[in-house]
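Chemist: Position 106 (the sequence shown) corresponds to 403 in the numbering used here; numbering is contiguous.
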Amino acid sequence: MRDTTPTPRRRVTLRALTILRTLLEGPASAVALIAAAEGELGSEAFGESPLFALRRDLQALRAAGFAVGYDRARGSYALAGQGGLGRLADDQAAALGILVRSANETLPFSGPLCACLAAVVAALPPDLRQRVQRPGLRFDLRADPPMGQHHAVLETLDRALASRHCLRLVYRSASRGVATRRTVEPLDLVLRDRHVYLEAFDGEAGHFRQFRVDRIAEASVLPRVAPQRTSARPAIRLRFRISPRLARHGPSGFDRAQVTPLPDGSALVTAETTSLFWAARALLSYGEHVEVLDPPGLRRELGRIAQVLATRYRGAAGLVAEERTRYDVP
298 MRDTTPTPRR RVTLRALTIL RTLLEGPASA VALIAAAEGE LGSEAFGESP
348 LFALRRDLQA LRAAGFAVGY DRARGSYALA GQGGLGRLAD DQAAALGILV
398 RSANETLPFS GPLCACLAAV VAALPPDLRQ RVQRPGLRFD LRADPPMGQH
448 HAVLETLDRA LASRHCLRLV YRSASRGVAT RRTVEPLDLV LRDRHVYLEA
498 FDGEAGHFRQ FRVDRIAEAS VLPRVAPQRT SARPAIRLRF RISPRLARHG
548 PSGFDRAQVT PLPDGSALVT AETTSLFWAA RALLSYGEHV EVLDPPGLRR
598 ELGRIAQVLA TRYRGAAGLV AEERTRYDVP
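#1: Hey, A523 and E482 are a contact pair by Cβ (cut 8 Å); roughly how many whole angstroms apart?
#2: Under DSSP, the beta strand (DSSP E) around G366 begins and ends at which residues?
#3: Taking DSSP as the reference, what is the three-state secondary structure of A375?
#4: So for E588, helix, strand or coil by DSSP?
#5: Determine, using beta-carbon pairs with one atom in the segment 441-454 and one in the segment 507-525, whether at least three such pairs fall under 8 Å.
#6: What does V475 pair with, by DSSP beta-bridge criteria?
#7: Near V587, what residues of its chain come up, given a Cβ to Cβ distance below 6 Å and the 5 sequence neighbours on each side ignored?
#8: Does DSSP put T310 in a helix, a strand or coil?
#9: Can you tell me which of L458, D368, L358 puts its alpha carbon nearest to the alpha carbon of A325?
#10: Considering just the uninterrupted stretch of the beta strand (DSSP E) at V556, what are its terminal residues?
#11: Would you grab the beta carbon distance between L239 and R318 for me? Rounded to a whole angstrom, and I think it's under 8 Å.
#12: Among the residues of its own chain, which have a CB less than 6 Å from the CB of A419, if the five just before and after it don't count?
#13: Give the secondary structure of D455 by DSSP, where H, G and I count as helix, E and B as strand, and everything else as coil.
#14: Which residues share a DSSP beta bridge with Y468?
#15: Would you kindly work out how many angstroms separate the C-alpha atoms of L565 and Q555, rounded to a whole number?
#16: Contact check, R553 vs A568 under 8 Å by CB: the rounded distance?
#17: Taking just the CA atoms, how far does R479 sit from A502?
#18: Note down the Cα distance separating L466 from A516, rounded to an integer number of angstroms.
#19: Compute the Euclidean distance between the alpha carbons of A390 and P592, then round it to the nearest angstrom.
#20: When the Cα of G562 is compared with those of F551, A333, L543, which residue comes out closest?
#21: Put E337 into one of helix, strand or coil per three-state DSSP.
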């Protein structure tokens, strides 16, 4: 059976980490620091001379770069220049757990992100660490494709956003299939539907656009500072009718949606979107339970898609009753 008794060197390391976690919560006296370490590592954590061992541990932390100071008036130690994490409430620890469970290797800057969360968790007292690490809610934030292979482009985009400088992109759009060069004013980086997008104003096209990061072949920061813009994308007003089945719960995924019930059980919806592309995708997901009324361009686009689908599936047999339940509106 493996001996799990800490070696003297490992005991000193664990002791120093416990002291550091305690100081990250806020100032603490020597008695409190000793009690915290003994509470986690046992009564023999410091050996026969707890105060002497504590001072040695504090010196080791200072040598490692942690600015541990001593307030004689209060008789307490503290990490200089930072207020510490403080004691998280249970609901705050639960919220931190959601972030820890949601972080994954596919996200942009996943390495620093996961390391940062791990450092915060390591600084928590044992009871809160257990609260953070237990199973619970997780946000599905996976990016496809994984963003690790696009790290250099992401760093360039992030640098341009921070400095508010324009960008020069070499971009391969899905519609054109060839690489084009564009000068844009970066506004935001967003993860949406498993893809990471650069939201920017395309000066040559004269409107706002979204660029999928995995389709950006090259990116360089230009000397020119981008002008200040109040909104990434202007809102576009939508108006559509939904079937009685969908009207029972209302549509989701639209900003400022207002639902007006109609006598036949259906409903008229007015809403806003910043992208007709995303609005079309959302409305298509409702199938025959929605009819777009405005804007005319979106209605024409959905009509075009419907004609293509009708031609493609002409002659296909309808679903039998037991199969149709699988395709009901959620």
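Just so you know, even glycine gets a beta-carbon here, dropped at the ideal spot from N, CA and C.
Modeler: Quick look at the numbers:
#1: Translated into positions along the sequence shown, residue 523 becomes position 226. Translated into positions along the sequence shown, residue 482 becomes position 185. That pair is a contact at about 4 Å.
#2: On the sequence shown, residue 366 is found 69 positions in, with the first residue counted as 1. Counting along the chain, the beta strand (DSSP E) containing G366 begins and ends at 365-368.
#3: On the sequence shown, residue 375 is found 78 positions in, with the first residue counted as 1. Residue state, collapsed to three classes: strand.
#4: Translated into positions along the sequence shown, residue 588 becomes position 291. Strand, per DSSP.
#5: yes
#6: Residue numbering aside, residue 475 sits at position 178 when the sequence shown is read from its first letter. Paired residue(s): none; V475 is not in a bridge.
#7: Counting from one through the sequence shown, the residue named residue 587 turns up at place 290. Taken in chain order, the residues that qualify are F537, I539, L580.
#8: For this step, residue 310 is matched to residue 13 along the sequence shown. Of the three classes helix, strand and coil, the one that applies to T310 here is helix, per DSSP.
#9: As a working note, residue 325 is residue 28 in the sequence shown. A325 has its Cα closest to that of D368, out of L458, D368, L358.
#10: Numbered from its first residue, the sequence shown carries residue 556 at position 259. Counting along the chain, the beta strand (DSSP E) containing V556 begins and ends at 552-558.
#11: No information on residue 239 is available, as it lies outside the stretch 298 to 627 that the chain covers here.
#12: Counting from one through the sequence shown, the residue named residue 419 turns up at place 122. Answer for A419: no residue qualifies.
#13: In the sequence shown, the residue the question calls residue 455 occupies position 158. Three-state result, D455: helix.
#14: Taking the first residue of the sequence shown as position 1, residue 468 is located at position 171. DSSP lists T477, I513 as partners of Y468.
#15: Within the sequence shown, numbered from 1, the residue matching residue 565 stands at position 268. Within the sequence shown, numbered from 1, the residue matching residue 555 stands at position 258. C-alpha separation (whole angstroms): 8 Å.
#16: Within the sequence shown, numbered from 1, the residue matching residue 553 stands at position 256. Within the sequence shown, numbered from 1, the residue matching residue 568 stands at position 271. That belief holds up - the Cβ atoms of R553 and A568 are roughly 6 Å apart, short of 8 Å.
#17: Working through the sequence shown from its first residue, we reach residue 502 at position 205. Working through the sequence shown from its first residue, we reach residue 479 at position 182. Taking the straight line joining both Cα atoms gives about 9 Å.
#18: On the sequence shown, position 169 is the one that residue 466 refers to. On the sequence shown, position 219 is the one that residue 516 refers to. Straight-line Cα distance between these residues: approximately 5 Å.
#19: Residue mapping note: residue 390 aligns to position 93 of the sequence shown, counting from 1. Residue mapping note: residue 592 aligns to position 295 of the sequence shown, counting from 1. C-alpha separation (whole angstroms): 46 Å.
#20: For this step, residue 562 is matched to residue 265 along the sequence shown. Residue L543 is the option with its Cα nearest to G562.
#21: Stepping through the sequence shown from its first residue, residue 337 is reached at position 40. Note: E337 maps to helix in three-state DSSP.
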